[in-house]
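Residue numbers (our numbering): 56 to 252.
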């Protein structure tokens, strides 16, 4: 059976990828499944693509097998695309979802509802030893609310209303969220690519 490493220690993310690859008869292992400790890769890139590639390529060259990494974030039009690359640490170190949300809502305080458009972006990079890295990108369009709603999900989910919905991502159950998420949309792009393997 073919194997691919998913460059993540996030159990939820790993589960989503494992289910996808299992349908393709490919065994996906996360960094949590490996016996050897993999050092954290510093995300020094200036784009989502560069950060995803850094993780995928460094771990792939270390383990000598295909590695998939992702980099994702929230881009808000009224904030010129921020928090963008800095989504996870927008309010500073250490990572704090609540503080990040608070900062975004504060910055959007004077922005009218029709100008609060935003999107989640997910860039996947697949590094295969001896081959050029493959990229796929998925988006989830929506808008930012003026207060938090919902208990599910993580990150900015409680303030993000996906297009075509009147509830936040955090008010959807995980199955429904996974059908429309930026990660899911990137995985669909990957599906087309896997057929060419």
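All C-beta atoms, glycine included, are put in the ideal place defined by N, C-alpha and C.
So, are the CB atoms of residue i and residue j less than 8 Å apart?
i           : j           : result
residue 62  : residue 123 : yes
residue 89  : residue 99  : no
residue 80  : residue 238 : no
residue 207 : residue 225 : yes
residue 87  : residue 70  : no
residue 129 : residue 138 : yes
residue 125 : residue 154 : no
residue 103 : residue 242 : no
Could you please give me the residues that DSSP links to residue i through a beta bridge?
i           : result
residue 217 : 197
residue 175 : 129 and 195
residue 181 : 123 and 189
residue 61  : 85 and 123
Which residue from the options puts its Cα closest to that of residue i?
i           : options               : result
residue 119 : 206, 58, 71 and 164   : 58
residue 173 : 193, 197 and 79       : 197
residue 134 : 219, 76, 167 and 227  : 167
residue 246 : 192, 165 and 66       : 192
residue 170 : 131, 147 and 146      : 131
residue 68  : 78, 85 and 77         : 85
residue 215 : 93, 97 and 156        : 156
residue 176 : 185, 248, 249 and 217 : 217
residue 244 : 190, 66 and 125       : 190
residue 195 : 231, 236 and 60       : 236
residue 212 : 165, 143 and 164      : 143
residue 8   : 248, 76, 121 and 152  : The question about residue 8 has no answer here: the residues shown for the chain are numbered 56 through 252.
residue 187 : 111, 92 and 242       : 111
residue 93  : 60, 231, 150 and 148  : 60
Next item on the list: Report yes or no: do three or more beta-carbon pairs, one from the stretch 178 to 191 and one from the stretch 107 to 123, lie closer than 8 Å?
Entry: yes
Margin query: Taking 8 Å as the cut-off, does the stretch 197 to 217 touch the stretch 148 to 160 (at least 3 CB pairs, one atom from each stretch)?
Written below: yes
Margin query: Suppose only complete runs of 4+ residues qualify. What are the alpha helix (DSSP H) ranges in the stretch 127 to 162, listed by chain order?
Written below: 152 to 162
Item checked: Whole runs of the beta strand (DSSP E) within the stretch 83 to 133, excluding any shorter than 3 residues -> 122 to 131
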